[in-house]
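To start, the structure under review is shown below, and the notes come after it.
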Amino acid sequence: MQLRYYMLLVLAVVGLGLGGCSGMPTPVRGECVKDGKVSPACFTTRSSDYEAGPVFCSERYQHGHSAKTLSPRARHLAGQGYLYALAAAKILHIDNEEGRDHRFGETPLLQHNPEYDKDSWLGFQGAVYERRSPGGNRIEKVVVTFAGSNQWRDWFTQNIGIPVQYESARKLVLQVYEDAKYKGIPIVATGYSLGGGLAAHVKKHPETASLVQEAWLFNPSPLDGILGGDPVENIYVLFQDNEILVNLRNVLGADYALDKNKAEYGIIDSAKIYGHYRYSLMLQLLHAADTNYWCETRGDLRPSDALQILRNSQMRACENESDQANARRAAEKAEKKIAAWSDPFVHCTQD
44 MQLRYYMLLV
54 LAVVGLGLGG
64 CSGMPTPVRG
74 ECVKDGKVSP
84 ACFTTRSSDY
94 EAGPVFCSER
104 YQHGHSAKTL
114 SPRARHLAGQ
124 GYLYALAAAK
134 ILHIDNEEGR
144 DHRFGETPLL
154 QHNPEYDKDS
164 WLGFQGAVYE
174 RRSPGGNRIE
184 KVVVTFAGSN
194 QWRDWFTQNI
204 GIPVQYESAR
214 KLVLQVYEDA
224 KYKGIPIVAT
234 GYSLGGGLAA
244 HVKKHPETAS
254 LVQEAWLFNP
264 SPLDGILGGD
274 PVENIYVLFQ
284 DNEILVNLRN
294 VLGADYALDK
304 NKAEYGIIDS
314 AKIYGHYRYS
324 LMLQLLHAAD
334 TNYWCETRGD
344 LRPSDALQIL
354 RNSQMRACEN
364 ESDQANARRA
374 AEKAEKKIAA
384 WSDPFVHCTQ
394 D
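Take 44 as the starting number for the sequence shown in my numbering and just add one per residue.
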């Protein structure tokens, strides 16, 4: 079983590494098409060349439509978990072309503590964020976040059979737990992809399981260093509906969470490789969290924290005035349509 486990993951890794633009949708940006022909220069791994639509902008994204197409569970879990997803996305941010094309904004509800930054030569990366109360005066949760598969050394040391990062992940949790300033404050573990596997590991391993209140996994790797086992009560799994590791998790039985703590998101229509990218899921979670706020407040027009993060974000797919205008028109059209319904909130409580 273990050999099959690793061999299947190796195949997925090769697919991610070699897939390139073959996993991307058709180019949609205007500069990619000239005289009816697609420019060869557009067939690169720069994913923003293939992104378009209001979801990449900072308007309240057709909130009635989102309330109708996102299940109540998906909206509710996004509202609970978007800050953990943001912490997990930020540890992966690199100031390169892709990073500059997808830069998520800040929020006073999430503050980085650089004292705990980890970046070892074996590939392990960890960081600590503090989830703050409204106003920022009180630490509500300590968020221990693990980086996903940022580099090929990660895939070698972690996914091809040398699980050195699991011990590093546990040590970071223990270090935070023993810090006097965090005494009595719940610890939450989180991560995308490989980082999600590490977050699952610290929630399941006997050394740290009781120290971690919750683990939030986003498009997680099926490797957690602990084969098998039943789903864990306080593990949450949020994922893009067709991302490349969905089937692999199912085949390998990496069933981390109870059904009530799982949700999939499909606002962005994408190929399997792109669907695994953190910024695709992160965008959807922010919009879903804002929709959840709209539902719970019965239509409060003030921006939620999630929407404020979107407004502080920079997405290349929405940098042009025409893109922004299209997003505004879509939001206005949705708002007028919803206002005409006899019950604008009917889809907030039913699928």
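All C-beta atoms, glycine included, are put in the ideal place defined by N, C-alpha and C. As the structure is a computational prediction, the values presented were derived from the model and not from experiment.
- Gly227 is not a Cβ neighbour of Ser264, given a cutoff of 9 Å.
- Where Arg372 is concerned, there is no enclosing beta strand (DSSP E), although the alpha helix (DSSP H) around it starts and stops at Glu364 to Ala382.
- Going by DSSP, Ile311 is part of no beta strand (DSSP E) at all; its letter is neither H nor E.
- Counting C-beta pairs with one atom in each stretch, the stretch 332-341 and the stretch 106-125 have three or more that are closer than 8 Å, which means they touch.
- Only residues of its own chain outside the window of five on either side were considered, and among them Cys100 and Cys361 have a CB closer than 7 Å to the CB of Gln367, listed in chain order.
- Judged by their CB atoms, Val216 and Ala190 are not nearer to each other than the 9 Å cut-off.
- The beta carbon of Ser91 sits closer than 6 Å to the beta carbons of Asp144, Arg359 and Ala360 from its chain, once the five residues preceding and following it are set aside; these are given in chain order.
- The Cβ atoms of Gln357 and Arg146 lie closer than 9 Å to each other.
- Pairing Ala306 with Asn139, the inter-Cα distance amounts to about 31 Å.
- Here Ser385 is exposed: its Cβ has fewer than 16 other Cβ atoms, across all protein chains shown, within 10 Å.
- In this structure, the straight-line span from the alpha carbon of Gln351 to that of Ala382 is close to 23 Å.
- Remark: C-beta atoms of Val275 and Ala297 do not approach each other more closely than 9 Å.
- A straight-line Cα-Cα distance of about 30 Å links Leu260 and Gly342.
- Out of Leu237, Val171, Asp160 and Tyr308, the CA that lies nearest to the CA of Pro115 is found in Tyr308.
- For Phe99, the secondary structure class from DSSP, reduced to helix, strand or coil, is helix.
- Counting along the chain, Pro157 sits inside the beta strand (DSSP E) bounded by residues Leu153 to Asp162.
- Residue pairing from DSSP places Lys305 in a beta bridge opposite Val280.
- Setting aside the 5 residues that flank it on each side, Arg175 is surrounded in the same chain by Pro151, Leu152, Leu153, Gln154, Arg181, Ile182 and Glu183, each with a C-beta closer than 8 Å to its C-beta; the list follows chain order.
- For Ala243, the enclosing alpha helix (DSSP H) has its first and last residue at Leu237 to Lys247.
- Looking at the DSSP output, Ile182 shares a beta bridge with Arg175.
- For Ile352, DSSP records no beta bridge to any residue.
- In the DSSP assignment, Glu257 falls outside any alpha helix (DSSP H) and within the unbroken beta strand (DSSP E) covering Val255 to Phe261.
- The shortest CA-to-CA distance from Glu149 to any of Ala349, Pro387, Arg371 and Lys376 is the one to Ala349.
- Less than 9 Å separates the beta-carbon of Ala374 from that of Pro97.
- In the displayed model, Thr150 falls within coil according to three-state DSSP, outside both helix and strand.
- Beta-bridge annotation (DSSP): His145 is paired with Met358.
- Leaving aside the five residues that flank Ser347 on each side, the residues in its chain whose CB is nearer than 6 Å to its CB run, in chain order, Asp333 and Tyr336.
- By the neighbour-count criterion, in which a residue is buried when 16 or more other Cβ atoms sit within 10 angstroms of its Cβ, Ala223 is exposed.
- Beta-bridge partners assigned by DSSP to Ala252: none are found.
- Taking each of Gly318, Ala170, Lys214 and Leu288 in turn and checking the Cα distance to Glu94, the smallest one comes out for Gly318.
- Between Ala130 and the set Trp164, Gln168, Lys315 and Leu113, the nearest pair of CA atoms involves Gln168.
- Straight across, the Cα-Cα distance linking Pro229 with Val186 is about 9 Å.
- If you look at Ala117, you'll find it in the alpha helix (DSSP H) that goes Pro115 to Ile134.
- Here the alpha carbon of Tyr127 sits roughly 33 Å from the alpha carbon of Lys379.
- Taking 9 Å as the cut-off, the Cβ atoms of Arg292 and Val245 do not count as close.
- Linking Leu295 to Asp267 through their CA atoms gives a straight-line distance of about 12 Å.
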